[in-house]
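The structure under discussion appears below in the form of structure tokens.
2 protein chains.
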Amino acid sequence: MRRRDPKGRLEALQAVVAALAHPARRQILLTVHLRGGSMTAGGIAGRFAHAWPTTTRHMRVLEAAGLLSHERVGRTRVYRIDHSRLDHLKEWLSWFDDAPKRRAKRRR
Amino acid sequence: MRRRDPKGRLEALQAVVAALAHPARRQILLTVHLRGGSMTAGGIAGRFAHAWPTTTRHMRVLEAAGLLSHERVGRTRVYRIDHSRLDHLKEWLSWFDDAPKRRAKRRR
DNA sequence: CAAATATTGAGCCGATTGGCTAAATGTCGT
DNA sequence: ACGACATTTAGCCAATCGGCTCAATATTTG
Numbered sequence: 000m001r002r003r004d005p006k007g008r009l010e011a012l013q014a015v016v017a018a019l020a021h022p023a024r025r026q027i028l029l030t031v032h033l034r035g036g037s038m039t040a041g042g043i044a045g046r047f048a049h050a051w052p053t054t055t056r057h058m059r060v061l062e063a064a065g066l067l068s069h070e071r072v073g074r075t076r077v078y079r080i081d082h083s084r085l086d087h088l089k090e091w092l093s094w095f096d097d098a099p100k101r102r103a104k105r106r107r
Numbered sequence: 000m001r002r003r004d005p006k007g008r009l010e011a012l013q014a015v016v017a018a019l020a021h022p023a024r025r026q027i028l029l030t031v032h033l034r035g036g037s038m039t040a041g042g043i044a045g046r047f048a049h050a051w052p053t054t055t056r057h058m059r060v061l062e063a064a065g066l067l068s069h070e071r072v073g074r075t076r077v078y079r080i081d082h083s084r085l086d087h088l089k090e091w092l093s094w095f096d097d098a099p100k101r102r103a104k105r106r107r
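Here the protein sequences line up with chains D and Y, keeping their order. Positions 0 to 107 (numbering that gives the first Met the number 0) are the ones given, in order, by the first sequence. Positions 0 to 107 (numbering that gives the first Met the number 0) are the ones given, in order, by the second sequence.
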């Protein structure tokens, strides 16, 4: 029930939501996912209007957030999606699922 | 099944995720929610370390994203949460729920 | 009406973001 | 070893962000 390391979880949530805040990064993630979960850097960059280094940087942000990882294969780098980190966000969102559950704190 | 206005939906998603990208704004939203769904501006601002106008600005961002709305009551303003917009984000996240569903597009 | 209260608006300012181009790095084929 | 290819690193620069302080605007109360 991963309830360990609340500080780390907060940071992870922050990294994830910040990474998703940019449309290009959301699209990168979705593109890789829909194409089977992994793509080369060039395959990704080729699909975007941005200059290649710009897209590379977005990938670095996604990787720093733990949403993407990469592996070198010959002279290409293959990026693989890891959507387990998205659970942090889903978990946060689930606070809003039911009617507000007032906590054990006297109302003022 | 709200499938209308794809452009508007994209913009809404962007506004929502950008609004949630800041920890103070996430906390404002959660605070209002947990306290029953509505609070005065002062009630909110009083709980944060930031200067009051700073928090006010965060509230404006949340309101622009459709996550908060307000109503004037006497000399106070009561903010009310509207978490229906969070569904845009949940919907986007749901792309990643199952194994990648390759679309009707020949693989290369 | 004047003073107190509740809240926002205006505007400054340093830090971060996200685009770009040019150069560096690493690998493959000849 | 050399040249072509795949990708990243470095660094510039304009725009946005998010803090702040100091007004400005309602609204209630005396």
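The C-beta atom is built at its ideal place from N, Cα and C for all residues, glycine as well. Just so we're clear, the structure is a prediction, and the values are computed from it rather than from any experiment.
Buried versus exposed, by CB contacts within 10 Å (16 or more), residue i
{"i": "R91 of chain Y", "result": "It should be pointed out that residue 91 of chain Y corresponds to Trp in this sequence rather than to Arg. With 16 or more other Cβ atoms within 10 Å, it is buried."}
{"i": "V31 of chain D", "result": "buried"}
{"i": "A48 of chain D", "result": "exposed"}
{"i": "K16 of chain D", "result": "Before going further, note that residue 16 of chain D is Val rather than Lys in the sequence given. The residue in question, V16 of chain D, is buried, as its Cβ has 16 or more Cβ neighbours within 10 Å."}
{"i": "S93 of chain Y", "result": "exposed"}
{"i": "T54 of chain D", "result": "buried"}
{"i": "R59 of chain Y", "result": "exposed"}
{"i": "L19 of chain D", "result": "buried"}
{"i": "A63 of chain Y", "result": "exposed"}
{"i": "R74 of chain Y", "result": "exposed"}
{"i": "R24 of chain D", "result": "buried"}
Among the options, nearest to residue i - alpha-carbon criterion
{"i": "G45 of chain Y", "options": "Y:E62, Y:Q26 and Y:A63", "result": "Y:Q26"}
{"i": "D4 of chain D", "options": "D:H87, D:W94 and D:D96", "result": "D:H87"}
{"i": "I72 of chain Y", "options": "Y:S37, Y:A14 and Y:L9", "result": "Checking the displayed sequence, the identity of residue 72 of chain Y turns out to be Val instead of Ile. If we check each option's Cα against that of V72 of chain Y, Y:S37 comes out closest."}
{"i": "R84 of chain Y", "options": "D:A50, D:D96 and D:H21", "result": "D:D96"}
{"i": "Y78 of chain Y", "options": "Y:G41, Y:G7, Y:A14 and Y:R8", "result": "Y:G41"}
{"i": "L9 of chain D", "options": "Y:L9, Y:L12, Y:H21 and Y:R8", "result": "Y:H21"}
{"i": "A14 of chain D", "options": "D:R76, D:D81 and D:L66", "result": "D:L66"}
{"i": "L61 of chain Y", "options": "Y:G7, Y:R76, Y:I80 and Y:R34", "result": "Y:I80"}
{"i": "L28 of chain Y", "options": "Y:S68, Y:L12 and Y:A50", "result": "Y:S68"}
{"i": "R76 of chain D", "options": "D:H82, D:I43 and D:H57", "result": "D:I43"}
{"i": "E70 of chain D", "options": "D:T39, D:R56 and D:K89", "result": "D:T39"}
Residue i Cβ short of 8 angstroms to the ligand GTP heavy atom set
{"i": "H87 of chain Y", "result": "Judged by which ligands are present, the structure shown has none, so any question about the ligand GTP falls away."}
Restricting to runs no shorter than 4 residues, where is the alpha helix (DSSP H) found entirely within the segment 21-100 of chain Y? 22-33, 40-44, 51-63 and 85-92
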